[in-house]
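Protein chains: 4
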Amino acid sequence: MYSNLSLGALGLTADFPTALELAAKHGFGGLDPDVGYLRSLGGTTEVQRVAAEVADRGLRWGMAGLPVNFTATAEEFSTQLAALPDHIELLVAAGVRSVGTWIRPMDEDLPYRRNWLRHAGRLALVAEILAGAGLRLGLEYIGPKTFWSTERFPFIHSLAEARELIAETGADNIGLILDTYHWYTAGESVADLRSLSVSDIVAVDINDAPADRERDSQQDLDRRLPGTTGVIDLQGFMSVLRDLDYDGPVKVEPFMKSLAERPIDDVLSEVSGQLDRAID
Amino acid sequence: MYSNLSLGALGLTADFPTALELAAKHGFGGLDPDVGYLRSLGGTTEVQRVAAEVADRGLRWGMAGLPVNFTATAEEFSTQLAALPDHIELLVAAGVRSVGTWIRPMDEDLPYRRNWLRHAGRLALVAEILAGAGLRLGLEYIGPKTFWSTERFPFIHSLAEARELIAETGADNIGLILDTYHWYTAGESVADLRSLSVSDIVAVDINDAPADRERDSQQDLDRRLPGTTGVIDLQGFMSVLRDLDYDGPVKVEPFMKSLAERPIDDVLSEVSGQLDRAID
Amino acid sequence: MYSNLSLGALGLTADFPTALELAAKHGFGGLDPDVGYLRSLGGTTEVQRVAAEVADRGLRWGMAGLPVNFTATAEEFSTQLAALPDHIELLVAAGVRSVGTWIRPMDEDLPYRRNWLRHAGRLALVAEILAGAGLRLGLEYIGPKTFWSTERFPFIHSLAEARELIAETGADNIGLILDTYHWYTAGESVADLRSLSVSDIVAVDINDAPADRERDSQQDLDRRLPGTTGVIDLQGFMSVLRDLDYDGPVKVEPFMKSLAERPIDDVLSEVSGQLDRAID
Amino acid sequence: MYSNLSLGALGLTADFPTALELAAKHGFGGLDPDVGYLRSLGGTTEVQRVAAEVADRGLRWGMAGLPVNFTATAEEFSTQLAALPDHIELLVAAGVRSVGTWIRPMDEDLPYRRNWLRHAGRLALVAEILAGAGLRLGLEYIGPKTFWSTERFPFIHSLAEARELIAETGADNIGLILDTYHWYTAGESVADLRSLSVSDIVAVDINDAPADRERDSQQDLDRRLPGTTGVIDLQGFMSVLRDLDYDGPVKVEPFMKSLAERPIDDVLSEVSGQLDRAID
């Protein structure tokens with residue numbers, strides 16, 4: 001596995017060339033693609049040149065976002081789906097291997113099984129189109145009860161449910177985005193991870209949780225940098241990835257606004273170190 | 001429809017002959033069977049004599065409980081299922097027409113779809129056995145969020161989900177126990193009831209809710225007598241039943257411990273009046 | 001209900017103005033829209049003028065085809081879905097109320113439940129887009145065993161399954177295209193139809209079956225004109241529609257190549273009479 | 001893996017002591033338990049003595065039958081389920097590790113999904129009870145089209161479907177009984193087997209098919225001894241088992257009445273040799 005720089009997940013912004021400099025400077029193993037930037041290059045040759053530059057700096061790609069919303073209206077989803085091949089073309093030209101999104105863990109109107117059908121049906125379409133281009137799709141489940149209990153109908157909010165949804169689609173290019181924060185807030189254990197195969201995992205996020213709240217009171221958008229509070233069993237989590245020989249990206253996504261107020265080099269130096277310590 | 005005396009649902013206790021006296025004295029239209037009492041009579045002839053006495057007093061039967069637990073271990077469920085025919089025989093001898101139970105709206109271990117399979121599979125078995133004796137099964141969904149959000153995996157807690165579960169079993173002798181309290185706490189409206197057919201309803205409970213709590217803070221075991229706080233739209237609810245020509249039992253189930261501290265005749269006189277006003 | 005002229009379903013071809021003349025001349029109550037013709041008119045005003053002409057001749061619209069293939073690849077389906085709003089616009093301008101398609105009753109690769117997910121997921125998308133324009137979708141199940149048993153995995157081939165699929169989508173603008181031929185070959189009875197509501201039916205086809213074959217040997221593409229062999233209980237079928245006050249189109253779809261070899265006026269005169277006798 | 005003597009599967013009968021002699025004499029690696037015989041012994045001590053004798057002869061147990069019918073009425077199923085613990089007690093005393101049954105691949109009345117619910121719901125109950133005693137359940141899918149197409153609603157008749165059913169139950173003590181004959185008639189390949197884990201397989205049957213019929217015309221009850229016609233790719237099938245280090249029983253089940261007309265020693269000598277050649 002390799003540490004991955006995702007400025008967006010840190011609440012930071014920079015243009016792609018700057019991000020590339022920063023990733024190299026601070027010793028990350030990879031960085032997220034910036035599809036807007038790739039598109040602005042105006043052609044496959046230019047995209048391939050940037051991809052070569054990334055490789056030359058010793059960096060790998062992280063994961064791109066999926067520009068499709070599984071809970072949109074049918075009209076919107078249809079438009080997003082029709083636009084997907086164009087997006088995919090850019091990713092393939094750049095050599096990106098996976099895209100990712102998350103599952104909204106509740107709905108005000110759709111009971112569980114109806115929401116399941118909506119997700120499974122739409123996922124199957126998206127996955128088949130991605131598969132045609134050799135791309136994998138990572139799905140992230142969201143664990144905090146303070147989030148999934150806020151509308152009338154809770155939905156997928158655990159590893160077991162996310163795996164069941166993936167199986168239901170019949171697609172073999174969908175896997176999980178595992179996040180320590182969701183694993184912890186969902187009340188899951190190392191044993192729950194032990195049944196995974198390495199092919200079940202597309203990407204990994206590691207975060208910690210504030211120490212002054214109970215598990216069921218944790219907030220989705222108030223996390224901590226990995227290993228800083230010790231609330232979450234980072235060691236146990238990483239030991240499973242090591243045993244599986246997981247080879248993909250590992251990033252942080254702490255939703256801490258304070259990071260944007262600090263010098264960016266300080267933040268990235270700290271984060272890169274935390275990722276390296278977790279990975280080793 | 002008719003007002004139904006269920007002492008248990010009021011938190012009161014009395015032997016069956018006393019309950020029968022009280023039901024007649026306070027003008028109820030029916031009363032719940034007491035299966036323990038029926039069994040103690042020692043034979044079909046005696047059971048039929050009691051049933052005749054109920055009819056002679058102008059009373060109809062309410063609903064019996066279902067002595068089967070859908071969330072028990074397979075071993076326990078198997079034992080309960082095997083004992084069901086014996087129980088049914090008593091009910092049939094007495095002329096009882098329906099049994100009822102409720103759906104536990106969450107589970108600590110089973111995600112929604114696995115719990116769904118457990119319920120649907122077991123329900124189908126129970127319903128087929130009941131159907132062989134001409135009995136209907138009433139299922140009650142439980143609405144309060146303060147209840148369904150207390151374990152890792154919320155389960156059925158709305159009218160739409162309960163109807164879907166019933167449809168899934170393929171049984172035509174399962175219907176709903178509608179309770180104003182669950183209808184209100186589930187955030188449902190008169191429009192949600194309008195799509196029901198009369199054959200979808202096996203029994204009805206009417207209750208009100210404390211006025212000093214928001215809907216999502218209501219507690220399953222702290223309700224009020226129907227029409228006393230005005231929190232729940234009892235009129236709208238009953239108008240649907242009237243339009244459907246619903247002909248079954250209507251009872252209250254307020255979970256108010258204070259009732260047991262008052263003279264029983266006072267309580268039953270009040271409740272009977274409340275039911276009559278709601279029904280008319 | 002009204003007799004509906006569908007030249008395509010008779011294996012005949014004519015341009016729309018001719019079809020309109022023929023429908024009026026032979027006393028049909030309606031005729032199928034010709035979307036290619038409507039598109040060729042070049043504008044909403046012209047489309048509305050044609051629609052007014054249809055109405056002036058005392059005719060109603062039958063059903064348009066659905067230009068979406070539920071078993072296409074995801075890419076093709078996505079393209080068809082994105083093109084649907086344009087198609088719908090024409091239909092709405094013309095005042096057409098429903099579109100229809102059929103369910104392929106087997107698949108060489110997808111087992112039943114995976115095919116179910118494919119259909120349910122795609123149907124839900126199509127139905128939501130149609131609903132936004134006030135259009136209904138009619139689905140026809142295909143009954144002959146000589147068809148559904150020809151690939152590795154049989155799929156929906158009965159009324160019960162088609163109704164279950166429609167319920168699964170959660171859409172309230174999907175209904176059935178009932179065809180006597182499929183009803184007969186599926187081994188269904190008048191009792192099976194009795195549980196339908198009128199809102200469950202979008203369109204009706206009536207056909208008869210050759211008298212020299214057993215039910216399980218009937219061929220999907222070798223049928224007879226309605227009431228001509230007496231193999232199928234047309235009376236029983238139509239009595240249900242009458243009791244339901246069904247108000248939609250009724251057409252024939254015999255797949256008899258011989259019809260194209262006869263004078264078109266002879267054929268339409270015969271068919272119109274058969275439809276009238278069945279409807280009365 | 002080991003060759004297993006199942007006289008019943010050969011259409012032969014003998015009391016258990018004779019079967020034990022024959023298994024040892026002809027060099028089988030195991031033999032099926034005879035539950036009626038075990039019961040007749042009258043006690044755990046006697047059962048354990050017989051089990052010790054089997055082990056002393058160098059033999060292992062094959063698989064016992066499951067005395068539960070998944071397509072019985074609810075009443076019958078309930079009675080069979082309640083009797084299961086008693087049956088299990090005998091098997092556990094004897095050291096038997098697995099029981100098995102097959103899935104009826106069609107139904108005259110229940111469409112696929114309703115039959116699926118019936119099977120999944122009942123399987124989950126049976127598997128949980130077996131799991132409590134440490135027993136595994138083997139499920140066999142039935143492949144011939146001449147069988148699954150004989151009633152109105154085909155059901156599970158492929159490896160993919162059987163695996164999906166097992167996953168649906170959520171039980172981790174259910175696996176497959178793989179039979180070359182069903183694998184062949186279902187149109188499956190070595191690639192289909194490659195995705196299996198060894199824990200997915202509980203038992204294995206090997207048979208060949210008559211050479212004078214097409215695959216879709218093969219009859220479930222007219223097979224051939226393994227390796228005798230070469231119609232079925234026995235080598236490819238066994239190579240997967242070897243690569244998986246499959247360690248369970250392998251038997252033949254040819255449904256050839258002619259076997260009962262030959263001297264039993266001739267038959268067993270031939271079968272034992274065929275099994276040994278396939279296993280090596």
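Residue numbers (the UniProt record's numbering), protein chains in the order written: chain A, 1 to 280; chain B, 1 to 280; chain C, 1 to 280; chain D, 1 to 280.
Just so it is clear, CB atoms sit at the ideal spot from N, CA and C, and this is done for glycine as well.
The model shown is predicted, which means the values in this text are computed figures rather than measured ones.
>> Output needed for residue 135/C: all residues of its chain with C-beta closer than 8 Å, excluding positions within five of it in sequence on either side, in chain order.
In response: 88, 91, 92, 96, 97, 98, 99, 173
> Do the stretch 126–145 of chain B and the stretch 177–184 of chain B touch if we need at least three Cβ pairs shorter than 8 Å?
Replying inline: yes
>> Please report the straight-line C-alpha distance between residue 234/C and residue 251/C, rounded to a whole angstrom.
In response: 13 Å
>> Here's a check: name, in chain order, each residue in its chain whose Cβ is nearer than 7 Å to the Cβ of residue 219/A, leaving out the five neighbours to either side.
In response: 144, 146
>> To the nearest angstrom, how far is the alpha carbon of residue 49/D from that of residue 139/D?
In response: 30 Å
> Would you call the stretch 98–112 of chain D and the stretch 60–77 of chain D in contact, with 3 or more CB pairs under 8 Å?
Replying inline: yes
>> For residue 261/B and residue 213/B, I'd like the C-alpha separation in whole angstroms.
In response: 25 Å
> So, does the CB of residue 129/C fall closer than 9 Å to a CB anywhere in chain A?
Replying inline: Closer than 9 Å: yes.
> Over what stretch of residues does the beta strand (DSSP E) that includes residue 13/C continue unbroken?
Replying inline: Under the DSSP assignment, residue 13/C falls outside any beta strand (DSSP E); it carries neither an H nor an E label.
> Between the C-alpha atoms of residue 82/B and residue 39/B, what's the straight-line distance to the nearest angstrom?
Replying inline: So the two alpha carbons sit approximately 17 Å from each other.
>> For residue 228/A, which residues in the same chain have their Cβ closer than 7 Å to its Cβ, ignoring the five residues on either side in sequence?
In response: 208
>> Which residues in chain A have a C-beta closer than 9 Å to the C-beta of residue 112/B? List them in chain order.
In response: 112, 113, 116, 154, 155, 156, 161
> How many Å lie between residue 66/B and residue 54/D at the Cα?
Replying inline: 48 Å
> What residues in the stretch 63–96 of chain A have a beta carbon less than 8 Å from any beta carbon of chain C?
Replying inline: 73, 74, 75, 77, 78, 79, 81, 82, 84, 85
> For residue 241/C, which residues from the same chain have a beta carbon less than 7 Å from its beta carbon, with the 5 sequence-adjacent residues on both sides left out?
Replying inline: The beta carbon of residue 241/C sits closer than 7 Å to those of 1, 204, all from its chain and outside the five residues before and after it, given in chain order.
>> Less than 9 Å between CB atoms is the rule here; does residue 211/D satisfy it with respect to chain C?
In response: Answer no: the Cβ-Cβ gap between residue 211/D and chain C never drops below 9 Å.
>> At the level of alpha carbons, what is the spacing between residue 20/D and residue 265/D?
In response: 13 Å
> chain D beta carbons: is any one of them nearer than 9 Å to that of residue 186/C?
Replying inline: yes
>> Below 7 Å on C-beta distance, what does residue 170/C contact in chain A?
In response: For residue 170/C, the residues of chain A that pass the 7 Å Cβ criterion are 114, in the order they occur in the chain.
> Do residue 94/D and residue 47/D have their C-beta atoms within less than 9 Å of each other?
Replying inline: The answer is yes: Cβ separation under 9 Å.
> Quick one, which residues of the stretch 4–21 of chain A are near chain C if we go by CB-CB under 7 Å, in chain order?
Replying inline: none
> What in chain C is Cβ-close to residue 164/D, meaning under 9 Å?
Replying inline: 111, 113, 114
>> Taking its Cβ as the centre, do 16 or more other Cβ atoms sit within 10 Å of residue 161/A, making it buried, or is it exposed?
In response: Residue 161/A is buried by the Cβ-count criterion.
>> Classify residue 263/B: buried if its beta carbon has 16 or more other beta carbons within 10 angstroms, exposed otherwise.
In response: By the neighbour-count rule (16 or more Cβ atoms within 10 Å), residue 263/B is not buried but exposed.
> At a CB-CB cut-off below 7 Å, which residues of chain A make contact with residue 257/B?
Replying inline: Here the premise fails: no neighbours, minimum Cβ distance about 28 Å.
> To which residues of the same chain is residue 239/A closer than 8 Å at the C-beta, ignoring the five residues directly before and after it?
Replying inline: 190
>> Would residue 127/A and residue 159/A qualify as a contact pair, given that the criterion is a beta-carbon distance under 9 Å?
In response: no
> In the DSSP assignment, what residue or residues form a beta bridge with residue 174/C?
Replying inline: 137/C
> Helix, strand or coil: how does DSSP classify residue 28/A here?
Replying inline: coil
>> Spatial neighbours of residue 269/C within its chain, please: C-beta separation below 7 Å, excluding the five flanking residues on both sides.
In response: 26
> Does residue 272/D get closer than 9 Å to chain C when you measure Cβ to Cβ?
Replying inline: no
>> Quick check: is any heavy atom of the ligand GTP less than 8 Å from the C-beta of residue 76/D?
In response: Summarising the ligand content, the structure contains no ligands, and the ligand GTP is consequently not present.
> Any Cβ of chain D within less than 9 Å of the Cβ of residue 191/B?
Replying inline: no
> Among residues of its own chain, excluding the 5 on either side of residue 294/B, which ones have a beta-carbon nearer than 7 Å to its beta-carbon?
Replying inline: There is no way to answer for residue 294/B, as the model of chain B reaches only from 1 to 280.
>> Give me the chain F residues within the contact set of residue 239/D, using Cβ-Cβ distance strictly less than 9 Å, ordered along the chain.
In response: The structure shown has no chain F; the protein chains it does contain are A, B, C and D.
>> With H, G and I counted as helix, E and B as strand and the rest as coil, what does DSSP make of residue 149/C?
In response: coil
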